[in-house]
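So our numbering is basically just the index in the sequence shown, starting at one, shifted up by 13. Before any comments, here is the structure.
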Amino acid sequence: MNSRLEILVGDITQSDSDAIVNAANPTLLGGSGVDGAIHRAAGPELLEECRKLHGCERGQAKLTRGYHLKARYVLHTPGPIWRGGDKGEAETLASCYRSCLELAAEHGLETVDFPSISTGVYGYPLAQAATVALRTIMAFLDTHSLPRRVRMVCHSEEAAQVYRQTYNMWFAGEKPDRL
Ligand code: APR
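This is how it looks when you write it as structure tokens:
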């Protein structure tokens, strides 16, 4: 039973978890979508700190403070751009989730919230992304005690339904606390 995973609908910029994940681009200098929303909510100091990081490779992750966000930290990870599914997109997406979880565990963070990485501007089909996300998160939680809790914060009820259905398809016997 793995009750450390939750799926909910919300605006990740309002999260009060230890860290929220930003679906960034390799420059780490902001953008639209959730990247734009996080930078707007965190304030200009976030961009100042990001400038010093000199970018981030797709599938990797870098940590910054959260500034005006309720979340203490932001884990920035550039996801893959969908190019049909035969260009290593799934491996890169899995690496985004794993890199963020590893960095969170290294910093002793207990609660981490993810958006649905790459499923907006980057065009990754939602159900396929959900499969990669949930299987990667569940595999990590099975072998690590931190983070204590991981949440998928979906921006719409439709997206949350896809994550819930995907979760049930893969992990039917182990319902997380809230679905
Ligand atoms: N809270 C939670 N989820 C959100 C929010 C929010 N406030 N805003 C958007 N989302 C969701 C989208 O609905 C989508 O499911 O985040 C998911 C990721 O979409 P994008 O933000 O477009 O990110 P992505 O597809 O990974 O593309 C990244 O877009 O913003 C630029 O700089 C970014 O170049 C990068 C690219």
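Idealized CB from N, CA, C, for every residue including glycine. Bear in mind that the values here come from a model prediction, so they are computed numbers and not experimental data.
- Check the Cα spacing between Gln73 and each of Asp31, Leu41, Tyr86: the tightest is with Leu41.
- Residue state for Leu122 is assigned as coil, using DSSP reduced to three classes.
- Around the beta carbon of Asp155, fewer than 16 other beta carbons sit within 10 angstroms, so the residue counts as exposed.
- In the three-state DSSP reduction, Thr90 falls in the strand class (E or B).
- The closest heavy atom of ligand 1 lies less than 8 Å from the beta carbon of Ala37.
- With a cutoff of 8 Å, Ser16 does not count as near ligand 1, since its C-beta is closer than that to no heavy atom of the ligand.
- Closer than 8 Å to some heavy atom of ligand 1: that does not describe the Cβ of Cys69.
- Looking at the DSSP output, Thr77 bridges to Val87.
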